[in-house]
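Accompanying notes for the structure given below.
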Amino acid sequence: MKLKRLRGIIGFSLLRLSALVVVLILSIIVFDIAIKGFRAISLTFLFDFPKEGMTKGGIFPAIIGTIFVTVITTLFSIPLGISAAIYLSEYAVEGRLTRLVSAAIRNLAGIPSIVYGLFGVVIFVQGLNFGTSVLSSGLTLGLLTLPWIIATSEEALKIVPQSYREGSLALGATKWQTIRSNVLPYAFPGILTGSILGLSRAIGETAPILFTGVAFFLPWLPSSVFDQFMALPYHIYILSTQHHAIEQVRPLAYGTTLVLIAIVFLLNLAAIIIRYRLGRKYKI
Amino acid sequence: MKNKIIKAMNLKRIKEKAIYYFFFLTGILAVIILLGIFLMLLLNGLQTFRDVRFSDFFFGTVWNPSAYGESSYGILSMIVSTFMVTLGAMIIAVPLGIGAAAYIAEIASQRTRDILKTIMGILAGIPSVVIGFIGIVLVGPFIARVFGLSSGLNALNGSILLAVMSLPTIISVSEDAIREVPKEYKEASYALGANRWMTLIKVTIPAAYSGIIVSIMLGIGRAIGETMTVLMATGNASAMPHSFFDSVRTITATIAIEMGEVPYGTTHYYALFAVGATLFLISLGVNLIAEIVTSKYRGAKV
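Line by line, the protein sequences are chains A and B.
232 is the number of the first residue of the first sequence in our numbering; add one for each residue after it.
1399 is the number of the first residue of the second sequence in our numbering; add one for each residue after it.
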């Protein structure tokens, strides 16, 4: 009897320990980057170009490049993702085609990001002749985030109660009018949250942009969608593995990492706040 | 008058139809993209085999495309490397993940659960390049010191990092599965005199078995396809690995390293697509197993 109880105590302690280890892992990662990264951050670091072979100066072009490419990703994947979700949630009837589409979305979400990179090279860089550019990278990242946007938007649409649709249809509204005025507004907070989370993932992705447009170093900012660009995640990779003076530029690598993580966290925070605030307003 | 109304109604109907087709097209886009990716990999990848024998490609252990005159395209060592790093990751992440999931589902208070779930969300959102960076600055030196190695960039480092990356997936999916186990199962077990620990180990976790398997498959899928982390932390020596202290070069890392510099249309170029196709099929297979387990599980529950 005593043995049995002892086993339980040890067992539950092990479970507690494993949860603790996970918390510890995150704490180590976040604190290490926050503390060492913070020392590198200054106005010059945020708003200046890299100087003297990237051993001094800042990361301004990488910040701008990341914002630029994310804007293209957003413009491409969010409208497309939402409309695919509208089809799946509002129009599609249960059947083989719908099951096929859902299976395709799930599988797309599981494809390694580097494979999207290869696809981007063949389709955007070469096929559509966009070259290695902000546009090619933005579209590649757009494809990568698309399944995520579709899945979260579909979920947000499905939460809207059926009676909202029926009420509108009963008053003689067409399907589209119903969707526009009685479904989308209520699904909006969920769609927005999902989209922001999707973009926060795209921002940190490196593999899909490796061969589609990102540059090692550029002394100027991209001025059109057909220019190459610098990006924060790739800059971290370069500073920590490809640079000729890796130890010397380590503080810069920490600083860049902190900036990237801060952007990702802020987006996550925004998503949480939106879900909380708008979700309460619409009471779903 | 009547004509006008009919006209207006027809216009309305046409508009609705047009809107429907628009949504339909965007809806099936996912299928087109998936098919497109598959065909792109296949068509480019198959070109490789005009110059390289099928068996040499899949069973050759030497990958040296740039060797003048006698380049070789064997991908076996990178496949072994990928599986080795993934296996190591699962050895770490599966017990830890299931343990944490059981804690969150069965022991933690609502407040602790919310906090841990938020932490899991944050961990899942950390970009892979950042995890790779941690591998270089923290895990690498740590491994080198503990095991007295000159460099800590090896398969073990990759495994630790991939474990960290797959933990959020394993924990959240397993936790859902453990929480979905009907209360009656546990109550029946208590009624038979089993204590909480026995119930958890002998009843709850076995009942959540398929969900846990799915979580592991998804974790494996994530680990196999991960690029930046292994590229940065495993040292990238392209040879057959013998132990976890060897530097390894995975499938994803090989594509990442070579794709940027390879001349268009060469055998080497096509071979990288064949490598990509292999990776695609492996991750598709892993997803498929997860799907089959999920659908069986759903079927059994209804």
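Backbone N, C-alpha and C define an ideal beta-carbon position, used for all residues, glycine too.
From a predicted model like this one, the values you see are computed outputs, not experimental measurements.
Cβ contact check for the region 1508-1526 of chain B and the region 1555-1566 of chain B: 3 or more pairs under 8 Å: yes
Beta-carbon spacing of residue 1607 of chain B, residue 322 of chain A below 8 Å: no
Of the residues B/1543, B/1667, B/1427, B/1491, the one placed nearest residue 374 of chain A, counting alpha carbons only: B/1427
Selected residue, minimal CA-CA separation from residue 1414 of chain B, among A/485, A/411, A/459: A/411
Beta carbon proximity, residue 1650 of chain B to chain A, threshold 8 Å: yes
Three-state secondary structure (DSSP) of residue 273 of chain A: coil
Any 3 or more C-beta pairs closer than 8 Å across the region 335-343 of chain A and the region 1424-1439 of chain B: Yes, they touch.
Rounded C-alpha distance that separates residue 1627 of chain B from residue 396 of chain A: 46 Å
Short CB-CB distance (under 8 Å) between residue 1559 of chain B and chain A: no
Contact under 8 Å by Cβ, residue 1579 of chain B with residue 1616 of chain B: It is not a contact, given that the beta carbons lie outside the stated cut-off.
Residue-level contact to chain A via CB, residue 1498 of chain B, 8 Å cutoff: So yes, residue 1498 of chain B belongs to the interface.
Given residue 283 of chain A as reference, the closest of A/440, A/483, A/385, A/254 once Cα atoms are compared: A/483
C-beta atoms of residue 1673 of chain B and residue 1667 of chain B nearer than 8 Å: no
Three or more C-beta pairs below 8 Å linking the region 243-257 of chain A and the region 1492-1507 of chain B: yes
Best match in B/1540, B/1504, B/1588, B/1554 for proximity to residue 250 of chain A [C-alpha to C-alpha]: Nearest option by C-alpha distance: B/1504.
Contact with chain B by residue 426 of chain A, beta-carbon distance below 8 Å: It does not: the Cβ of residue 426 of chain A has no partner Cβ on chain B nearer than 8 Å.
Contacting positions in the region 1593-1611 of chain B - beta carbon closer than 8 Å to chain A: 1593, 1594, 1595, 1596, 1598, 1599
According to DSSP, residues forming a beta bridge with residue 1461 of chain B: B/1471
Residue 359 of chain A beta carbon near the ligand ADP (any heavy atom closer than 7 Å): Absent from the structure shown: the ligand ADP. Ligands present: none.
6 Å Cβ shell around residue 376 of chain A - same chain, five flanking residues per side excluded: 308, 429, 433
Interface residues of chain B facing residue 235 of chain A [CB-CB closer than 7 Å]: Residues of chain B passing the Cβ test: 1593.
The region 1550-1563 of chain B contacting the region 1630-1639 of chain B, beta-carbon criterion three pairs below 8 Å: yes
Alpha-carbon spacing of residue 1462 of chain B relative to residue 1469 of chain B, whole angstroms: 6 Å
Exposure of residue 318 of chain A, with buried meaning 16 or more beta-carbon neighbours within 10 Å: When all chains shown are included, residue 318 of chain A counts as buried.
Three CB pairs or more closer than 8 Å across the region 1640-1653 of chain B and the region 1481-1490 of chain B: yes
Residues near residue 278 of chain A in its chain [Cβ-Cβ closer than 8 Å; skip 5 each side]: 289, 291
Residue 507 of chain A at chain B interface by Cβ criterion, 8 Å: no
Buried versus exposed call for residue 1545 of chain B [16 or more other C-beta atoms within 10 Å across all chains shown]: exposed
Proximal residues, the region 377-410 of chain A versus chain B, C-beta separation under 8 Å: 377, 378, 381, 405, 406, 407
Residue-level contact to chain B via CB, residue 327 of chain A, 8 Å cutoff: no
Per DSSP, cross-strand counterpart(s) of residue 1646 of chain B: B/1633
Inter-residue spacing [alpha-carbon to alpha-carbon] between residue 1450 of chain B and residue 1656 of chain B: 18 Å
Against chain B: residues of the region 432-445 of chain A by CB proximity under 8 Å: 432, 434, 435, 436, 437, 438, 441, 442
Extent of the continuous alpha helix (DSSP H) run through residue 1615 of chain B: 1607-1623
Buried versus exposed, by CB contacts within 10 Å (16 or more), residue 1401 of chain B: exposed
Supposed contact pair residue 431 of chain A and residue 524 of chain A - C-beta distance, whole angstroms, cut 8 Å: This structure does not reach residue 524 of chain A, given that chain A is present from 232 up to 515, and the question cannot be answered.
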